[in-house]
Amino acid sequence: VIFADEPTGALDTTTAVEILGLLRSAVDGMGATVVMVTHDPAAAAYADRVLFLADGSIVDRLERASAQQIAARMTTLTAPAYAGVAA
29 VIFADEPTGA
39 LDTTTAVEIL
49 GLLRSAVDGM
59 GATVVMVTHD
69 PAAAAYADRV
79 LFLADGSIVD
89 RLERASAQQI
99 AARMTTLTAP
109 AYAGVAA
């Protein structure tokens, strides 16, 4: 099991793609399990399964989703929490 907490958060885009590719290769080539925490829909799109957490609970999941699908779902999770809050 590989645990990755925001593995691309402080990286440039080229290095981020390399790291995500290595994690994907570990799954596909070695049968590893990767548990990754991220707020980046593009990074999450590398996953087979994306779990969405809100207020400490799993509230949804997507299988083999695109970055656009993940971003759209993330927006619906955070919108109620910030309703009425001025930017």
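If you want the numbering used here, it's the 1-based position in the sequence shown plus 28. The C-beta atom is built at its ideal place from N, Cα and C for all residues, glycine as well. These numbers come from a predicted model, not from an experiment.
Nearest-angstrom Cα separation, counted from residue j out to residue i
i: A38; j: D68; result: 12 Å
i: L81; j: T103; result: 12 Å
i: V78; j: E46; result: 20 Å
i: M122; j: T41; result: The question about residue 122 has no answer here: the residues shown for the chain are numbered 29 through 115.
i: T43; j: A71; result: 12 Å
i: A100; j: D88; result: 12 Å
i: L105; j: R92; result: 19 Å
i: D76; j: V55; result: 10 Å
i: S85; j: L50; result: 29 Å
Beta-carbon spacing of residue i, residue j below 8 Å
i: T66; j: V29; result: no
i: Q96; j: L90; result: no
i: M73; j: S53; result: Inspection of the sequence shows that residue 73 is occupied by Ala rather than by Met. No, Cβ-Cβ distance for A73 and S53 is not below 8 Å.
Best match in the options for proximity to residue i [C-alpha to C-alpha]
i: F31; options: D40, T43 and L48; result: L48
i: D33; options: L105, M64, G84 and A75; result: M64
Test: residue i CB closer than 8 Å to a CB of chain D
i: V78; result: Protein chains in the displayed structure number just one, and chain D is not present.
Quiz prompt | Sequence ranges, alpha helix (DSSP H) only - wholly within the segment 49 to 87, length at least 4 | solution = Entirely contained in the segment 49 to 87, the alpha helix (DSSP H) runs reaching 4 residues are, in chain order, 69 to 72.
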